[in-house]
Amino acid sequence: MQKVIGRPTGLTELPFHYCPGCTHGIIHRLIGEVMAELGIIENTIGVAPVGCAGFSLDFFACDFVGAAHGRAQAVATGIKRSLPDKLVFTYQGDGDIAAIGTSHAIHVAARGEKITSIMVNNAVFGMTGGQMAPTTLPGMKTTTSPYGRDCAVFGQPIDLPKTVATLSGAVYVAAGSVDTPKNILQTKKYLKKAFQVQQMGLGFSFVSILSTCPTNWALSPVDSLKWLQDNMIPVYELGELKVAEEVKAL
1 MQKVIGRPTG
11 LTELPFHYCP
21 GCTHGIIHRL
31 IGEVMAELGI
41 IENTIGVAPV
51 GCAGFSLDFF
61 ACDFVGAAHG
71 RAQAVATGIK
81 RSLPDKLVFT
91 YQGDGDIAAI
101 GTSHAIHVAA
111 RGEKITSIMV
121 NNAVFGMTGG
131 QMAPTTLPGM
141 KTTTSPYGRD
151 CAVFGQPIDL
161 PKTVATLSGA
171 VYVAAGSVDT
181 PKNILQTKKY
191 LKKAFQVQQM
201 GLGFSFVSIL
211 STCPTNWALS
221 PVDSLKWLQD
231 NMIPVYELGE
241 LKVAEEVKAL
């Protein structure tokens with residue numbers, strides 16, 4: 001029997017052990033497929049911090065480095081400057097890159113560091129107990145906002161891709177989702193282009209991906225997808241938010 005699909009060579013054989021319904025696994029697969037299709041597995045170094053994103057060290061077939069909470073982009077910058085011929089990417093949750101790591105996210109983009117950063121946005125701190133994150137939606141209940149996020153006290157959610165897109169060193173910024181087959185395919189295109197931008201040495205590339213967290217949202221896997229569609233997509237605009245002139249030819 002002909003095998004038409006299998007585990008991409010960009011991933012290890014270790015089974016994912018994320019919570020049921022978590023879409024980290026889908027995102028992992030897309031990155032694994034992109035690395036395989038571009039033929040860059042052996043030349044790629046990933047960097048991940050703590051939290052759910054930290055598990056990714058076990059699942060990708062490329063070299064990987066662990067970083068302290070929020071510091072993945074600082075570590076990635078050091079690796080890329082030391083080994084400029086390597087492709088370096090960070091894999092970070094929204095609670096990591098948009099909270100403790102905000103200063104790195106802003107200045108990496110401002111400097112135009114030639115790395116790729118991937119942010120998985122599920123609107124909470126996932127692994128540490130579902131606390132409110134900078135991306136938590138207005139009125140959204142979390143363990144530290146049991147009555148819902150009060151924007152008069154905590155401000156509005158931070159849409160990090162739009163902020164990064166305003167900085168000159170960021171040459172490619174996109175926001176995707178993995179809630180439907182159509183969005184999954186589109187997000188893969190964003191990821192592929194982000195890596196191609198780095199291959200060409202054009203500047204900083206950033207892809208944000210909306211993801212579910214059924215455990216901390218207290219929803220079933222199916223209901224969490226609908227919640228994302230009804231609540232997150234209207235707030236976080238999807239699409240290519242910035243495509244610099246030199247990137248348009250890709």
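Counting in the working numbering, the sequence shown runs from 1 upward without gaps.
For each residue, glycine too, the CB sits at the ideal point set by N, CA and C.
- For residue 90, no alpha helix (DSSP H) segment is defined; the enclosing uninterrupted segment is the beta strand (DSSP E) at 87 to 93.
- Between residue 135 and residue 98, the C-beta gap is smaller than 8 Å, which places the two residues in contact.
- With a contact defined as Cβ atoms closer than 8 Å, residue 54 and residue 32 miss out at about 17 Å.
- Judged by their CB atoms, residue 164 and residue 202 are not nearer to each other than the 8 Å cut-off.
- Counting C-beta atoms within 10 angstroms of its own C-beta, residue 226 has fewer than 16 neighbours from the protein chains shown and is therefore classed as exposed.
- Membership of residue 212 in any alpha helix (DSSP H) is not indicated, and neither H nor E is assigned to it by DSSP.
- Taking C-beta atoms as the reference points, residue 93 and residue 120 count as a pair closer than 8 Å.
- Assigned with DSSP and collapsed to three states, residue 147 falls in coil, not helix or strand.
- A direct Cα-to-Cα measurement between residue 151 and residue 139 gives close to 8 Å.
- Per DSSP, reduced to three states, the secondary structure at residue 172 is strand.
- Rounded to the nearest angstrom, the Cβ distance from residue 12 to residue 60 is 7 Å, consistent with a contact under 8 Å.
- Counting along the chain, the unbroken beta strand (DSSP E) around residue 240 starts and ends at 239 to 243.
- The alpha-carbon separation between residue 158 and residue 21 amounts to approximately 25 Å.
- When beta bridges are read from the DSSP output, residue 118 appears opposite 91 and 207.
- By the Cβ test, the region 65 to 83 is in contact with the region 28 to 48, since at least three Cβ pairs between them sit closer than 8 Å.
- In the displayed model, residue 222 falls within a helix according to three-state DSSP.
- Judged by DSSP in its simplified three-state form, residue 27 adopts helix.
- The secondary-structure analysis by DSSP pairs residue 112 with nothing; it has no beta-bridge partner.
- In this structure, the CA atom of residue 198 is about 17 Å from the CA atom of residue 75.
- Non-local beta-carbon contacts of residue 51 in its own chain, meaning distances under 8 Å to residues more than five positions away in sequence, involve 69, 93, 95, 96, 125, 126, 127 and 128 in chain order.
- By alpha-carbon distance to residue 18, the top candidate from 245, 213, 106 and 189 is 213.
- Contact between the region 189 to 198 and the region 172 to 179 is present: 3 or more CB-CB pairs across the two stretches fall below 8 Å.
- With fewer than 16 other Cβ atoms from the protein chains shown falling within 10 Å of its own Cβ, residue 220 counts as exposed.
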